[in-house]
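Asks: Numbering (mature numbering (1 follows the signal peptide of the UniProt record, and there is no 0)), first residue to last: -28 to -1, 1 to 181.
Note that the Cβ used here is the ideal one computed from N, Cα and C, for glycine as well.
(1) Compute the distance between the beta-carbons of residue 35 and residue 66, then report whether it is under 7 Å.
(2) Assuming residue 24 contacts residue 3 under a Cβ cut-off of 8 Å, what Cβ separation, rounded to an integer in Å, is found between them?
(3) In three-state terms, what does DSSP make of residue 75?
(4) Please report how far the alpha carbon of residue 39 lies from the alpha carbon of residue 1, in whole angstroms.
(5) To which residues does DSSP link residue 98 through a beta bridge?
(6) Would you mind working out which of 170, 13, 106 sits nearest residue 120, comparing C-alpha positions?
(7) How big is the Cα-Cα spacing for residue 92 and residue 64?
(8) Measuring CA to CA, which of 103, 15, 19 is closest to residue 8?
(9) Check whether the Cβ atoms of residue 267 and residue 26 lie closer than 7 Å to each other.
(10) Would DSSP call residue 65 helix, strand or coil?
(11) According to DSSP, residue 22 sits in a beta bridge with which residue or residues?
(12) Hey, residue 90 and residue 114: beta-carbon distance below 7 Å or not?
(13) Would you call residue 78 buried or exposed, if buried means 16 or more other Cβ atoms sit within 10 Å of its Cβ?
(14) Mind checking residue 162: buried by the 16 CB within 10 Å criterion, or exposed?
(15) According to DSSP, is residue 182 part of a helix, a strand, or is it coil?
Next up, the structure:
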């Protein structure tokens, strides 16, 4: 038999009513935030951002993506979770989405990123549910690495390749190859090594007589 309270109402709440009450008391919050990311030049990336307003009533919500021209090294030692919000007068608005409801989401997509794209990206949500507009922010740092190694590393790799690309002769030619390597600069110049090897082949029969 159903238990009733003093007002004669059932002693339990229907599931739908309970769910509605939970939505009503829930605080406005981000349900998905962007995270710091490191990519290489030319890569494509996505940064998510989703927000849920308090209560179940339909409100006007606006979400914006901003690019803050902040020097990355100033944030290198900071922890994302404890990082104070970066503000910059040179901020650039990238996109805006506005909906009527109690939740909103918008993904920022960047194609073929460049070194100039490195910096802090901010998701701003404006909640017009009250008389005073509430603004909520979430930030993430994008680092862009060079797709190719620096010039000095390329030069070192090229020298290493030249030194290891000398001609190799099977069998008895090893002694001639070893003798030719004693010439100055042989290991650093493949063309010179070929000329010396050809000269050795021509002179060897003559010297043998």
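Replies: Let's see:
(1) Judged by their CB atoms, residue 35 and residue 66 are not nearer to each other than the 7 Å cut-off.
(2) The Cβ separation is near 5 Å, so the contact holds.
(3) strand
(4) Each residue's Cα considered, the two are about 22 Å apart.
(5) 34, 107
(6) 13
(7) 11 Å
(8) When each option's Cα is compared against that of residue 8, the closest is 19.
(9) Residue numbering for the chain in the displayed model covers -28 to 181; residue 267 lies beyond these limits and cannot be assessed.
(10) strand
(11) 4, 77
(12) yes
(13) It counts as buried.
(14) exposed
(15) Here the chain comprises residues numbered -28 to 181, so residue 182 is not present and cannot be evaluated.
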